[in-house]
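Have a look at the structure below before the remarks.
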Amino acid sequence: MGWRAALALAAGVFWQGLDPLVKLLLWIMVAEGTLWTLHALVSWSRNRQEVFQYLSLKLGVLVVLGVLAAIDPHTFPYLHISLASSGTIFYLVFELSNLVRDAHNLGVPLPPQLEQVLTALRAGQEKKNGT
Numbered sequence: 002m003g004w005r006a007a008l009a010l011a012a013g014v015f016w017q018g019l020d021p022l023v024k025l026l027l028w029i030m031v032a033e034g035t036l037w038t039l040h041a042l043v044s045w046s047r048n049r050q051e052v053f054q055y056l057s058l059k060l061g062v063l064v065v066l067g068v069l070a071a072i073d074p075h076t077f078p079y080l081h082i083s084l085a086s087s088g089t090i091f092y093l094v095f096e097l098s099n100l101v102r103d104a105h106n107l108g109v110p111l112p113p114q115l116e117q118v119l120t121a122l123r124a125g126q127e128k129k130n131g132t
């Protein structure tokens with residue numbers, strides 16, 4: 002067996018062992034990353050620093066979830082809540098909001114209520130940045 006086949010086998014075993022919520026999060030991260038990249042290519046608005054920050058954020062999310070999954074068996078008996086599941090749900094909401102924002106930036110039509118929320122969020126961000 003070559004190293005590529007061994008790597009594919011290891012990835013398959015790893016994927017099968019993941020919680021379904023984590024699988025969903027990873028698929029949403031891939032979709033959001035694809036839209037983010039498309040927007041960057043269409044608008045030529047990303048520089049090397051932004052790409053590094055974006056990738057660092059995604060890697061950081063996965064590291065945090067890994068830590069939560071590692072300590073979950075030790076904290077669950079005391080907290081009676083799964084930290085890994087809670088963290089995954091938190092990041093799912095975060096990634097879904099990014100997905101909607103990136104789709105909006107690419108010109109995908111959104112429901113009017115969602116447009117209003119995005120406009121308000123953008124106005125708040127611009128006010129915070131002083132622009």
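The working numbering puts the first residue of the sequence shown at 2, with every later residue one more than the last.
Where a beta carbon is used, it is the ideal one built from N, C-alpha and C, also for glycine.
Check, Outcome
"C-alpha gap between L119 and V64, whole angstroms", "29 Å"
"Classification of V14 by the beta-carbon crowding that lies within 10 angstroms, buried from 16 upward", "exposed"
"Test item: CB-CB of Y92 and L19 under 8 Å", "no"
"I29, enclosing alpha helix (DSSP H) - first and last residue", "P21 to S44"
"Contiguous alpha helix (DSSP H) assignments of at least 4 residues, all confined to the region 78-109", "84-106"
"Close Cβ partners of H105 (< 7 Å) along its chain, the five nearest in sequence each way excluded", "L111 and L119"
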